[in-house]
Amino acid sequence: MFKKAHFIILSVIMLISLNSCVATAILIGAAVVAGGAVYYVNGDYIIEVPKDIRSVYNATIKTMQMDKQFSLLSQSYKDKTAEVKASQNGNDVTINLTSLSNRSTEIKIRVGTLGDEKDSINIANAITKNIT
Numbered sequence: 004m005f006k007k008a009h010f011i012i013l014s015v016i017m018l019i020s021l022n023s024c025v026a027t028a029i030l031i032g033a034a035v036v037a038g039g040a041v042y043y044v045n046g047d048y049i050i051e052v053p054k055d056i057r058s059v060y061n062a063t064i065k066t067m068q069m070d071k072q073f074s075l076l077s078q079s080y081k082d083k084t085a086e087v088k089a090s091q092n093g094n095d096v097t098i099n100l101t102s103l104s105n106r107s108t109e110i111k112i113r114v115g116t117l118g119d120e121k122d123s124i125n126i127a128n129a130i131t132k133n134i135t
């Protein structure tokens, strides 16, 4: 409990001191994930969530089907990995899931050819809201 409160207080201080939309979006995304790692590398937005891959896969499919801005193109699920492809306003969206353990999954999101960090963050937040 103390760790979570410390994280929230630190996040609020950083939000007040930083005047950057990107930093704000990353901190909000990190707060939604609550304890998972969040980073953006070479056009891929990557987060780790403390849930099994099946739950995250189901939440990803649900997100793509419920939001009218997405058109689900393909989906595949194997033992430790999954991939979901969709389009959003003419941009390709690729979501790769990798099981890190029975209770942890990495979500890698890429929007467009070069990556769109803002759209990726929005997708990640929508997926984490649908995880049960």
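So the number in this note's numbering is just where the residue sits in the sequence shown, counting from 1, plus 3.
A virtual CB, placed ideally from N, CA and C, is assigned to each residue, including glycine.
Keep in mind the model is a prediction, meaning the values are calculated, not measured.
What's the gap between the Cα of residue i and the Cα of residue j?
{"i": "GLN72", "j": "GLN91", "result": "6 angstroms"}
{"i": "LEU117", "j": "THR63", "result": "21 angstroms"}
{"i": "ASP70", "j": "GLY39", "result": "24 angstroms"}
{"i": "ARG106", "j": "GLU51", "result": "10 angstroms"}
Do residue j and residue i come within 9 angstroms of each other at the CB atom, strictly closer than that value?
{"i": "THR108", "j": "ASP55", "result": "yes"}
Does residue i come out as helix, strand or coil in the three-state DSSP assignment?
{"i": "ILE56", "result": "helix"}
{"i": "ASN99", "result": "strand"}
{"i": "ILE126", "result": "helix"}
{"i": "ILE50", "result": "strand"}
{"i": "GLN68", "result": "helix"}
{"i": "THR84", "result": "strand"}
Starting from the Cα of residue i, find the closest Cα among the options and give me that residue.
{"i": "LYS88", "options": "TYR80, GLN68 and ILE98", "result": "ILE98"}
{"i": "THR84", "options": "VAL96, ARG106, ARG57 and GLY93", "result": "ARG57"}
{"i": "ARG53", "options": "SER104, LYS121, ASP122 and ILE126", "result": "Residue identity check: residue 53 is Pro in the sequence provided, not Arg. Nearest of SER104, LYS121, ASP122 and ILE126 to PRO53, Cα basis: SER104."}
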